[in-house]
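Report on one structure; see the data block that follows.
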Amino acid sequence: MEANLVDKSVIETGEMVLNMGPQHPSTHGVLRLKIHTDGEIVSQIEPVIGYLHRCFEKHCEKLSYEQIVPFTDRCDYLASMHMDHAYSIAVEKLLDIELPDRVEYIRVIIAELQRIASHLVAVGTFGLDVGAITPFTWTIRDRERVLDLFETLCGARLLYNYIWPGGVSHDLPPKFIERTLDFLDYFDPQIDELNNLLTTNKIFIERTADVGILPPEVGINFGVSGPSLRGSGVNFDLRKNEPYSIYSKFDFDVPVGKGEMGTIGDTWDRYYVRVLEMRESAKIIRQACAELPGGDVHAALPKKIRPNAGEVYGRYESARGDVGFYIMSNGKNIPMRVKMRSPAFCNLSVLSEISEGWMISDVIAILGSLDIVLGEIDR
Amino acid sequence: MTFDEIVALLDTKASGKTSVIEGKTVISVSPENWSEISAILKNESKLNFDYLMCISAYDKGDNKVYGAAYNFYSTVNNHYLEVRVEIEDGISIPSVVELWKAADWHEREAYDMMGLKFEGHPDLKRILLSDDWEGYPLRKNYKEPDYYHGLPVPKDKSYWD
């Protein structure tokens, strides 16, 4: 047989562009990735975003301050409470109002429960992305318990409209604290189970350790924040570094990536930081529940929100990172400009940088470890 | 460092090129001086603003003046700064992508939504809207189009009724 059936000089070995999404199960929403590859090796990724753009910022210029809360709910739909809380803190800073202690405690309990719920989805879907199906069903089962708690709280399971500028919409329902503590007693052993099932699973470690390393200085330069940055060993958490609300009263640690299974800042580290953060959140909730004071939750609710002309930049540590609300007021009851700094937006911008040189299948793991929510990126 | 110390330091490094907006803790810089000032903010070891949090484009509402507000933070020194660069329509602002990669997408968003042009940006194109979108939606004088690709744009409930 002829040895050279194929004339290799005419085979093109140039760069290929692979399109992933917008309808792709592992892109966590409607995200399109234009992946430039050489064979199986990724050379560059161009994320194409905007499929979920709902003109959040334009809507804000037509609505009064109170009416914006349902819109912030819909930005990050996996952690709506965080968005409402972040927006409320910015407006309260603009209005310069003091909140009753009870409101602050309720908000912290709710925010930390929300962080647990959001991280459960993050670690579950991350496992799903790299081929572990069972842990996802387990984490979703536990998240349901948190959503049940929220349902007793405000009737909604996903989009709450619960935290308002100046307070919260309702006081806690009867037995809420007992139920929360019951949940935490149930939940603590579940994290050990998750670690046995997924975190220390050999196949999982093979897929995630040493993959997609994010050096800390690159992360800071790209504006990466939240667990994705802490996975690179940067001890930066707004709850500690710049305590808002009443976080300075609580005793908790900030988990950072240590490179236990590979290099500091790999996808495994980013995943494991989220697992450890759930324990810290549980710790905060227990402390807050023990100290919960009484009082009227509507005491500081303003009758009409009409701040003086000026502007404010409020920062908040959400489940995905550093949320910022930049609000400009011109003295009317409608804001002049609301800009939301979305943490997932900045976290996604680093994808191309850290995926370079990895296989296409690793891109899925890297993207999953960044834990993006498209509703918040596209606004 | 406090805001006053930062202002004093900037005055010694680049005197007369920055000014404090009256009654606010905000620095205003003209677009001609912005490249120089931004390099000082990033590279001067006492300032060391390594984290660009946000770029918010805004419209003053007079069809003429537009601006960008930069919010900086230093993860090393734990201090903040807000800088504003205001321009008249059509004039471009020097890009800071070389110094902070985070500026890449934020500047694209400011261009997409408010029509601010950033000189020296590697790939200034729309980011959230489609490439063929006309106008800049966050401008106060933006009019919603009547048709998009030949399809009427519903503006109130009567379209469905």
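Top to bottom, those sequences are chains A and B. Using the numbering used here, the first residue of the first sequence is number 16, and each one after it goes up by one. Using the numbering used here, the first residue of the second sequence is number 983, and each one after it goes up by one. From the three backbone atoms N, C-alpha and C, an ideal C-beta is built for every residue, glycine too. Keep in mind the model is a prediction, meaning the values are calculated, not measured.
Applying a beta-carbon distance threshold of less than 7 Å, which residues of chain A neighbour residue i?
{"i": "ASP1086 of chain B", "result": "SER364"}
Using a Cβ cut-off of 9 Å (strictly closer), state whether residue i contacts chain A.
{"i": "LYS1083 of chain B", "result": "yes"}
{"i": "LEU1023 of chain B", "result": "no"}
{"i": "THR940 of chain B", "result": "With chain B covering only 983 through 1143, there is no way to say anything about residue 940 of chain B."}
{"i": "ASP1114 of chain B", "result": "no"}
{"i": "GLU1018 of chain B", "result": "no"}
{"i": "GLY1043 of chain B", "result": "yes"}
{"i": "GLU1064 of chain B", "result": "yes"}
{"i": "LYS1006 of chain B", "result": "yes"}
Let me know if residue i comes out buried or exposed under the rule of 16 or more other beta-carbons within 10 Å of its beta-carbon.
{"i": "ALA291 of chain A", "result": "Reading the sequence as shown, one finds Leu at residue 291 of chain A and not Ala. Classification of LEU291 of chain A: buried, given that the 10 Å Cβ count is 16 or more."}
{"i": "VAL1067 of chain B", "result": "buried"}
{"i": "THR195 of chain A", "result": "buried"}
{"i": "GLN38 of chain A", "result": "exposed"}
{"i": "TRP1016 of chain B", "result": "buried"}
{"i": "TYR120 of chain A", "result": "buried"}
{"i": "GLY336 of chain A", "result": "buried"}
{"i": "MET31 of chain A", "result": "exposed"}
{"i": "GLU306 of chain A", "result": "exposed"}
{"i": "ASP268 of chain A", "result": "exposed"}
{"i": "TRP1087 of chain B", "result": "buried"}
{"i": "LYS1137 of chain B", "result": "exposed"}
{"i": "LEU93 of chain A", "result": "buried"}
{"i": "LYS1046 of chain B", "result": "exposed"}
{"i": "PRO242 of chain A", "result": "buried"}
{"i": "LEU1023 of chain B", "result": "buried"}
{"i": "ALA380 of chain A", "result": "buried"}
{"i": "ASN1123 of chain B", "result": "exposed"}
{"i": "SER24 of chain A", "result": "exposed"}
{"i": "GLU391 of chain A", "result": "buried"}
Run down chain B in chain order and give the residues with a C-beta less than 8 Å from the C-beta of residue i.
{"i": "ASP337 of chain A", "result": "MET1035"}
What residues of chain A sit near residue i, judged by a beta carbon separation below 8 Å?
{"i": "PRO1119 of chain B", "result": "CYS70 and LYS73"}
{"i": "LEU1110 of chain B", "result": "ILE64, GLY65, HIS68, ASP393 and ARG394"}
Using only CA atoms, which one of the options lies nearest to residue i?
{"i": "ASN1053 of chain B", "options": "B:CYS1036, B:VAL1135 and B:ASP1041", "result": "B:CYS1036"}
{"i": "LYS73 of chain A", "options": "B:LEU1120, B:PRO1136 and B:SER1140", "result": "B:LEU1120"}
{"i": "CYS75 of chain A", "options": "A:GLY181, A:GLU61 and A:VAL106", "result": "A:VAL106"}
{"i": "GLU81 of chain A", "options": "A:LEU110, A:VAL338, A:ARG69 and A:TYR262", "result": "A:LEU110"}
{"i": "SER95 of chain A", "options": "A:VAL118, A:GLY325, A:LEU199 and A:ALA126", "result": "A:ALA126"}
{"i": "ALA303 of chain A", "options": "A:SER263, A:ASP252, A:GLU332 and A:SER333", "result": "A:SER263"}
{"i": "ASP1113 of chain B", "options": "B:TRP1082, B:MET1095 and B:SER1074", "result": "B:MET1095"}
{"i": "GLU193 of chain A", "options": "A:GLY146, A:SER184, A:THR214 and A:ILE124", "result": "A:ILE124"}
{"i": "PHE265 of chain A", "options": "A:VAL271, A:ILE300, A:GLY241 and A:THR282", "result": "A:ILE300"}
{"i": "ARG122 of chain A", "options": "A:PHE151, A:GLY181, A:CYS70 and A:ASP157", "result": "A:GLY181"}
{"i": "ASN176 of chain A", "options": "A:LEU187, A:ASN216, A:ASP197 and A:ASP88", "result": "A:ASP88"}
{"i": "GLU1126 of chain B", "options": "A:LEU164, A:CYS70 and A:ASP203", "result": "A:CYS70"}
{"i": "LEU1098 of chain B", "options": "B:ALA990, B:VAL989, B:ALA1050 and B:ILE1022", "result": "B:ALA1050"}
{"i": "TYR341 of chain A", "options": "A:ASN34, A:ILE235, A:LYS108 and A:ALA314", "result": "A:LYS108"}
{"i": "ASN401 of chain A", "options": "A:MET276, A:VAL25 and A:SER296", "result": "Residue 401 of chain A lies beyond the residue range present for chain A, which begins at 16 and ends at 394; the question has no answer from this structure."}
Going along chain B, which residues have a C-beta under 9 Å from residue i?
{"i": "PHE191 of chain A", "result": "Under the 9 Å cutoff, chain B gives no residues; its nearest Cβ is about 35 Å from PHE191 of chain A."}
{"i": "MET343 of chain A", "result": "SER1038, TYR1040 and ALA1051"}
{"i": "ASN236 of chain A", "result": "ASP1032, TYR1033, LEU1034, LEU1081, TRP1082, LYS1083 and ALA1084"}
{"i": "GLU256 of chain A", "result": "At residue 256 of chain A the sequence reads Asn, which differs from the Glu that was named. The answer, in chain order, is THR1057 and ASN1060."}
Counting contacts by CB-CB distance shorter than 9 Å, is residue i in contact with chain B?
{"i": "CYS361 of chain A", "result": "yes"}
{"i": "PHE251 of chain A", "result": "yes"}
{"i": "LYS354 of chain A", "result": "yes"}
{"i": "LYS347 of chain A", "result": "no"}
{"i": "MET16 of chain A", "result": "Its pLDDT being 49, under 50, MET16 of chain A is placed unreliably in this model, and the coordinates cannot settle the point."}
{"i": "TYR328 of chain A", "result": "yes"}
{"i": "ILE64 of chain A", "result": "yes"}
{"i": "GLU482 of chain A", "result": "Coverage of chain A is limited to positions 16 through 394, which leaves residue 482 of chain A absent and any answer about it impossible."}
{"i": "MET98 of chain A", "result": "no"}
{"i": "GLY325 of chain A", "result": "yes"}
{"i": "VAL233 of chain A", "result": "yes"}
{"i": "MET351 of chain A", "result": "yes"}
{"i": "GLU76 of chain A", "result": "yes"}
{"i": "LEU385 of chain A", "result": "no"}
{"i": "GLU368 of chain A", "result": "yes"}
Contact between the stretch 367-386 of chain A and the stretch 42-56 of chain A (3+ Cβ pairs under 8 Å): yes
May I ask you to verify whether the stretch 1028-1046 of chain B touches the stretch 354-373 of chain A, counting CB pairs closer than 8 Å and requiring at least 3? yes
Using 8 Å as the Cβ pair cut-off and three pairs as the minimum, do the stretch 162-171 of chain A and the stretch 227-240 of chain A touch? no
For the stretch 242-260 of chain A against the stretch 275-290 of chain A, are there 3 or more C-beta pairs whose distance is under 8 Å? Three or more beta-carbon pairs separated by less than 8 Å link the stretch 242-260 of chain A to the stretch 275-290 of chain A, which places the two stretches in contact.
Is there contact between the stretch 307-315 of chain A and the stretch 213-228 of chain A, where contact requires at least three CB pairs shorter than 8 Å? No contact exists between the stretch 307-315 of chain A and the stretch 213-228 of chain A.
With a threshold of 8 Å, are at least 3 pairs of Cβ atoms found where one atom belongs to the stretch 131-148 of chain A and the other to the stretch 315-331 of chain A? No, they do not touch.
Decide if the stretch 139-151 of chain A is in contact with the stretch 324-335 of chain A; the criterion is three or more beta carbon pairs, one per stretch, under 8 Å apart. The answer is no - the stretch 324-335 of chain A does not touch the stretch 139-151 of chain A, with fewer than three Cβ pairs under 8 Å.
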